[in-house]
Amino acid sequence: MCIHKIPYVLACTVFIIYSQLNVVSTFSTADQIIGNGYPVETYAVETKDHYMVGLERIPYSKNGNKTIGKPIILLHGLYGTSMFYTLSNKSLSFILSDAGFDVWLLNFRLAGISKYMKNPKTNVVTPLRNISWDFSFDELGIYDTTAAIDYILNKTGYSTLHMGGYSFGATICLIALAERPEYNNKIDKLVLITPTTRMKYYDRRLIMLKIFPFLFHRTLRGRQYVPKMKHPDDQWFGNQCKNNKYMKLFCIYAMDVLQGNYLSIDYSTIDILKTYPQPTSVKVMTHYYQLILADHFRKYDYGKKGNIKHYQSITPPSYDLSQVTAPTYIYHSKYDVIAPPKDIKWLIQRLPNVKNVTMVKKFSHMGFATSPYLRPINILIAKHLLENK
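Residues in the sequence shown are numbered from 25 upward in steps of one, following this note's numbering.
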């Protein structure tokens, strides 16, 4: 698709240049929740591999009688935080809260409030540059997600909860349930919003990654985390997109471009760029890149020798999606260039318990956070969760 008069690469380049400003932002998910009039609680959970992950909780609606309902945990996308679910009054967390759910928002390790967790033994916040970044998709699913599920169930007294994820967050939902299938019994309903798994039909503008893979490896060589900053506690965009009127215009344009399609955006959601992108490990980015190249949904590729050591096979095994037995509800878009319909169809054919598939015609990939027409689809998600199996 033609990208107006400014080339796609130029838009991305300028976007990245401005991102080097390293203006620290104090804007948070909790700020968004409070600003919309909802109560918020925060919790720290220790994973089995001793990372601290943060949870924000909206226990009840601002419009109700403070009754706490069934819990649901929501997982955010790549480079993001739980703020994906709190950007406007149309956002999923608020719609679910108004529908009577106890909403929990997970921040994966070293993202969002998980960057500022205290060591429970020393009560000291460890700088991110001193923490191991040796993790890929598996650790986020097997450790972060399962630890959060167990914590929520223990805290609320429920035996099951709902779980949902957007994009990369949906990917991690699937990995958690495929690798720890016993957790399917703890999931009442699984909500996958524009999930990324096999990426065979990923946006063809990234074909350069397949043709010139050395560009990717050279860019990340010698790093533990991305984006590259003086240290990963810094934010990239800070207040630029919010308070600089010229930069705000460009941020709006860049959001259009990076979505891949020029579809309607609720421009009040530009706030997401104040905390985007969050740092993640080079291993996560490499794993993502491997999926684009491989056309399979499989585990991290360590190379032949490393694969034999880790998996006892030359190639990494695929995730066994047949293990994901929780009742599954999928929401995706016809015009999504990141998780296009052909790849969604491939996923649907491999999941054993798909209850409903909803395709939204006029959303892009980020439309599930930024579209002005978001409320009806989020109300539909809430309706599906409230229905009996």
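Yeah, the Cβ is synthetic: ideal placement off N, Cα and C, and Gly gets one too. Note that the coordinates shown come from a computational prediction; the quantities given were computed from them, not determined experimentally.
By alpha-carbon positions, which one of Trp128, Leu201, Asp325 ends up nearest to Leu214? Leu201
Below 7 angstroms CB to CB, which residues in the same chain sit around Gln302 once its five sequence neighbours on both sides are set aside? Tyr103, Gly104, Thr105, Ala135, Gly136
Let's see if you can read the secondary structure: which residues bound the alpha helix (DSSP H) around Tyr312? 306-318
Within 10 angstroms of the Cβ of Met187, are there 16 or more other Cβ atoms? Answer buried if so, exposed if not. buried
Taking only three categories from DSSP, how would you classify Asn178? helix
Whose C-alpha, out of Lys210, Asn377, Tyr167, Asn178, is nearest the C-alpha of Ile199? Tyr167
Does DSSP put Trp370 in a helix, in a strand, or in coil? helix
Report the rounded CA-to-CA distance for Tyr62 versus Lys90, giving the unit in angstroms. 11 angstroms
Where does Leu98 fall in DSSP's three states? strand
What residue from Lys323, Lys358, Ser357, Thr352 has the CA that sits closest to Pro341's CA? Lys323
In the DSSP assignment, find the alpha helix (DSSP H) that holds Ala393 and state where it starts and stops. 391-394
Relative to the ligand MN, is the shortest distance from any of its heavy atoms to the C-beta of Val381 smaller than 7 angstroms? With respect to the ligand MN, the structure shown offers nothing to examine, as it has no ligands at all.
Inter-residue spacing [alpha-carbon to alpha-carbon] between Tyr397 and Phe387: 9 angstroms
In angstroms, rounded to a whole number, what distance separates the CA positions of Tyr182 and Trp157? 33 angstroms
Distance between Ile332 and Asn495 (C-alpha atoms, nearest Å): Nothing can be reported for residue 495: it is not among the residues displayed for the chain, which extend from 25 to 413.
What's the call for Ile338, buried or exposed, on a 16-neighbour Cβ count within 10 Å? exposed
Euclidean distance between Cα positions of Phe238 and Tyr313: Confidence at Phe238 is low in this model, with a pLDDT of 46, below 50, so its placement is unreliable and the value that follows should be read with caution. When rounded, the distance between both Cα atoms is 12 angstroms.
For Gly330, three-class secondary structure by DSSP: helix
Among the residues of its own chain, which have a CB less than 7 angstroms from the CB of Pro351, if the five just before and after it don't count? Lys213, Leu214, Asn377, Lys379, Lys413
Exposed unless 16 or more other CB atoms sit within 10 angstroms - verdict on His389: buried
Rounded to whole angstroms, what is the Cα-Cα separation between Ser117 and Thr146? 33 angstroms
With burial defined as no fewer than 16 other Cβ atoms inside 10 Å of the residue's Cβ, what is the status of Ile98: buried or exposed? In the sequence as presented, Ile is not what sits at residue 98; that position holds Leu. Buried: at least 16 other Cβ atoms inside 10 Å.
Cα-Cα, which of Thr195, Lys139, Ala194, Asp174 is closest to Leu185? Asp174
When DSSP builds the beta bridges, which residues end up paired with Gly188? Leu98, Val215
In the DSSP assignment, find the beta strand (DSSP E) that holds Asn131 and state where it starts and stops. 126-131
Nearest to Gln56 (by Cα), restricted to the options Leu111, Gly88, Ile96: Leu111
Member of Ala318, His100, Asn178 whose CA lies at the smallest distance from the CA of Leu130: His100
Selection from Ile176, Asp162, Pro151, Tyr326 that minimises the alpha carbon distance to Glu80: Ile176
Going by Cα to Cα distance, which pick from Ala68, Gly59, Ala393, Ile119 is closest to Ala406? Ile119
Is DSSP giving Leu345 helix, strand or coil here? helix
Should Tyr353 and His311 be called a contact, given that it needs their Cβ atoms to be closer than 8 angstroms? no
Contact set for Ala171: own chain, Cβ-Cβ below 6 angstroms, skip 5 residues either direction: Val69, Thr71
Under the three-state reduction of DSSP, which class applies to Ser477: helix, strand or coil? No statement about residue 477 is possible, as the shown extent of the chain runs from 25 to 413 and does not include it.
Going along the chain, which residues of its own chain have a beta-carbon closer than 6 angstroms to the beta-carbon of Ser346, five neighbours each way excluded? Pro376
Pull up the CB-CB distance for Ser121 and Ser85, whole angstroms please, since I reckon it's below 8 angstroms. 5 angstroms
Backbone CA spacing between Val48 and Pro151 [nearest angstrom]: Because the pLDDT at Val48 is just 34, under 50, the model does not fix this residue reliably, and the value given afterwards should be weighed accordingly. Using only the alpha carbons, I get a separation of about 15 angstroms.
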